[in-house]
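What follows is a single structure, written as structure tokens, with notes after it.
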Amino acid sequence: DVKVTQSSRYLVKRTGEKVFLECVQDMDHENMFWYRQDPGLGLRLIYFSYDVKMKEKGDIPEGYSVSREKKERFSLILESASTNQTSMYLCASAPSGVRAEQYFGPGTRLTVT
Amino acid sequence: GENVEQHPSTLSVQEGDSAVIKCTYSDSASNYFPWYKQELGKRPQLIIDIRSNVGEKKDQRIAVTLNKTAKHFSLHITETQPEDSAVYFCAASQLTGGGNKLTFGTGTQLKVEL
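What follows is the structure in structure tokens.
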């Protein structure tokens, strides 16, 4: 059974703080993704990684960076948190190849005040 | 890049009725179209997917149809039950064997009323 875990379910940070969100998967998946989910906007891709130390920008990368030093761990970094980054953040992992199902983590509700 | 539009944004049906959610995509190279269900407070989970080499796929009460010419695909739920109440997301992707990035629609809130 695939397990994707995220470091926090709820997080409250102040404007300007550096924020780290961590995601860990236990299925040896090559691909990992970070999304933000906002009402009426669906799931929007921030960054994804298809291998260790590899990353690609998604649709809304501005204000974010990522790190993937180990295959099982994918971190999302908010360099200087702003109130418009208040959102639900979802991590996902998926194998490469034709088995394309993405497995999501439980999400982190981030509030920036 | 790919753009996926999804309609309606909300859908209310009576228990036992059918529900249909429609999506359109823009990139003719897309060849994989999954549907995810997200119950309140839970993570999205894949419920059904279709690849561009077939026009329809069924799994019990749910089915998905694909019209490649028109670039649209739909989710059909028959005999709806209260546990079908959730947000449903369509998505599109070009499977390459590598990253397989998904582009999601904006979601449909389905409410099944007793």
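These protein sequence lines map, in sequence, to chains A and B.
So in the numbering used here, the last one in the first sequence is 98, and the numbering has no gaps at all.
So in the numbering used here, the last one in the second sequence is 622, and the numbering has no gaps at all.
Built from N, CA and C at the ideal position, the CB exists for glycine as well.
- In the displayed model, residue 10/A falls within a strand according to three-state DSSP.
- With a contact defined as Cβ atoms closer than 8 Å, residue 0/A and residue 98/A qualify at about 7 Å.
- The DSSP-derived three-state label of residue 98/A is coil.
- Any Cβ of chain B closer than 8 Å to the Cβ of residue 59/A would place that residue at the interface, and such an atom is absent.
- Within chain B, the C-beta atoms nearer than 8 Å to that of residue 86/A come from 542, 554 and 557, in chain order.
- The stretch 55 to 66 of chain A makes no contact with the stretch 523 to 534 of chain B, as fewer than three CB pairs between them are under 8 Å.
- By the 16-neighbour rule on beta-carbons within 10 angstroms, residue 622/B is exposed.
- Boundaries of the beta strand (DSSP E) around residue 78/A: 72 to 79.
- Between the alpha carbons of residue 15/A and residue 522/B lies a distance of about 42 Å.
- Between residue 594/B and residue 547/B, the CB-CB gap stays under 8 Å.
- Under the DSSP assignment, residue 532/B falls in the beta strand (DSSP E) whose first and last residues are 527 to 533.
- Under the Cβ criterion of 8 Å, residue 601/B is counted among the residues facing chain A.
- The beta carbons of residue 584/B and residue 520/B sit no closer together than 8 Å.
- Fewer than three pairs of CB atoms, one per stretch, sit closer than 8 Å, so the stretch 563 to 570 of chain B makes no contact with the stretch 597 to 613 of chain B.
- Within the same chain, and ignoring the five residues on either side of residue 92/A in sequence, the residues whose Cβ sits closer than 6 Å to its Cβ are 73 and 75.
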